[in-house]
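**Q** Mapping the sequence shown onto numbering that gives the first Met the number 0, position 28 (from 1) lands on 27, and the numbers just tick up by one.
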Amino acid sequence: MKNKMITKKLNNYSVITCDNLTISVGPKKQKSILIDKFNFSFGKSKIYAIVGSSGVGKTTLVNHFNGLKRSKQGQIFVKDYLIDGHKRKLRNYKKIRKNVGLVFQFAEYQIFKDTVEKDIMYGPINYYVNKQKAKQLASKYMYLVRLDRNLLKVNPFDLSHGQQRLVAIAGILSIESDVVIFDEPCAGLDPAGQKHINNIIIDLKKQGKTVIIITHNMDNVLELADEVLVLHKQKLYASGNPYSIFTNQQLLKDTELATPHIIDLINKLVNKNKVYLSLLKAQPRNINQLAKLLKKGGY
Numbered sequence: 000m001k002n003k004m005i006t007k008k009l010n011n012y013s014v015i016t017c018d019n020l021t022i023s024v025g026p027k028k029q030k031s032i033l034i035d036k037f038n039f040s041f042g043k044s045k046i047y048a049i050v051g052s053s054g055v056g057k058t059t060l061v062n063h064f065n066g067l068k069r070s071k072q073g074q075i076f077v078k079d080y081l082i083d084g085h086k087r088k089l090r091n092y093k094k095i096r097k098n099v100g101l102v103f104q105f106a107e108y109q110i111f112k113d114t115v116e117k118d119i120m121y122g123p124i125n126y127y128v129n130k131q132k133a134k135q136l137a138s139k140y141m142y143l144v145r146l147d148r149n150l151l152k153v154n155p156f157d158l159s160h161g162q163q164r165l166v167a168i169a170g171i172l173s174i175e176s177d178v179v180i181f182d183e184p185c186a187g188l189d190p191a192g193q194k195h196i197n198n199i200i201i202d203l204k205k206q207g208k209t210v211i212i213i214t215h216n217m218d219n220v221l222e223l224a225d226e227v228l229v230l231h232k233q234k235l236y237a238s239g240n241p242y243s244i245f246t247n248q249q250l251l252k253d254t255e256l257a258t259p260h261i262i263d264l265i266n267k268l269v270n271k272n273k274v275y276l277s278l279l280k281a282q283p284r285n286i287n288q289l290a291k292l293l294k295k296g297g298y
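Written out as structure tokens, the structure reads:
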């Protein structure tokens, strides 16, 4: 029996809706389910973090969000565009990928042009933006990722790996998608580089973008995410705000997720004196916020 097609459409709040999405992997006669009946709607102007152990299917899942991969089981809507795995060709694929930009892990490997400017311009031109407008977008997003515009005429392969990653990110952002997905955006970067990337993600939310990040860095999840999705044993095990996830001891035990350092420190303070329980209610996201609460005696 063929999978019954669902005619769901997005509400005004959602930008991506997954409806009973099931993802199978492996040879045709030996396929196994990687993710089973994933249901979730991603809203506008929010930062989502998708977490879980290695091999749980995080990257494979988000590759379905712009049709890079497709499943015949369940459906995905990007705005009103259906990603239909039953068709040989993806309809409206340019409109879908215009709406959902994907920054791969080690994004610097996406660079291929001989100048920074050409590399950033490639995406907009591919989506029918004229050359002059594409140049303006290249300059705009060089500024947004905080790279010197004098580098526009430089060969990107002459830049540092950190700068190359920023060029690649600028190239994706120049498409001006409503949704931007980052796969391990801070992998291999020093603390300064991680902070830089985190600031870009925060800026995108301020611009009204929906940002989805895949990461094993739970400190970044705590600082950035409005909502956390936990994948475990083929399922969406849980979703919620970071504190509801990282203070759930049974969840942490079942999924083996690491506790962010801030929450770990608060837990140690609480073990010494229950007066510090109010810190959990205040929900500081980073060390600066925690320090301010401790200095004020706000507990």
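Here a beta-carbon is modelled for each residue, glycine too, at the ideal position from N, C-alpha and C.
Predicted model, so just to flag it, every value in this text is computed and none were measured.
1) State buried or exposed for G170, treating a residue as buried only when at least 16 other CB atoms are found within 10 Å of its CB.
2) Where does N198 land, buried or exposed, given buried means 16+ other C-beta within 10 angstroms?
3) Quick one: complete alpha helix (DSSP H) runs, 4+ long, within the segment 52–87?
4) In chain order, which beta strand (DSSP E) runs of at least 3 residues are fully inside the segment 165–218?
5) Which runs of the alpha helix (DSSP H) at least 4 residues long sit entirely within the segment 234–266? Give them in chain order.
6) Tell me the rounded alpha-carbon separation between E270 and N240.
7) Rounded to whole angstroms, what's the CA-CA distance from G207 to Q29? Just pull it up for me.
8) Taking 8 Å as the limit between beta carbons, can you name the residues of its chain near S44, skipping five residues before and five after?
9) With A106 as the anchor, note down where its alpha helix (DSSP H) starts and where it stops.
10) Around the Cβ of I286, are there at least 16 other Cβ atoms within 10 angstroms (buried) or fewer (exposed)?
11) If the criterion is Cβ atoms closer than 8 Å, does the pair A137 and S176 meet it?
12) Would R96 be called buried (16 or more neighbouring beta carbons within 10 Å of its own) or exposed?
13) Distance check for V61 and A106, CA to CA, integer angstroms please.
14) In the DSSP assignment, the alpha helix (DSSP H) including S159 goes from what residue to what residue?
15) In its own chain, which residues sit with a C-beta less than 6 Å from the C-beta of F181, not counting the 5 before and 5 after it?
16) Which whole-angstrom value is the C-beta distance of D113 and N154, which I expect to be below 8 Å?
17) In three-state terms, what does DSSP make of V99?
18) Among R87, F245 and K252, which has the Cα closest to the Cα of I265?
**A** So, to answer that:
1) It is buried - the Cβ of G170 has at least 16 other Cβ atoms within 10 Å.
2) Of the other Cβ atoms in all chains shown, fewer than 16 fall within 10 Å of the Cβ of N198; this residue is therefore exposed.
3) Whole alpha helix (DSSP H) segments, 4+ residues: 57–61.
4) As far as the segment 165–218 is concerned, its whole beta strand (DSSP E) runs of at least 3 residues are 178–182 and 209–213.
5) For the alpha helix (DSSP H) assignment, the uninterrupted runs of no fewer than 4 residues enclosed by the segment 234–266 are, from N- to C-terminal side, 241–245 and 248–254.
6) A small correction: the amino acid at residue 270 is Asn; Glu does not occupy that position in the sequence shown. As the crow flies, the alpha-carbon of N270 is around 23 Å from that of N240.
7) So the two alpha carbons sit approximately 43 Å from each other.
8) Around S44: K204, G207, K208 and T209.
9) Per DSSP, A106 belongs to no alpha helix (DSSP H) and is neither H nor E.
10) Burial call: exposed.
11) Taking 8 Å as the cut-off, the beta carbon of A137 is found no closer than this to the beta carbon of S176.
12) Counting Cβ neighbours within 10 Å, R96 comes out buried, since at least 16 surround it.
13) For A106 and V61, the distance between alpha carbons rounds to 15 Å.
14) Note, S159: premise wrong, no alpha helix (DSSP H); not H, not E.
15) Excluding sequence neighbours, F181 sits near V102 and I212.
16) Sure, about 6 Å apart at Cβ, within 8 Å.
17) V99 falls in the strand class under three-state DSSP.
18) When each option's Cα is compared against that of I265, the closest is F245.
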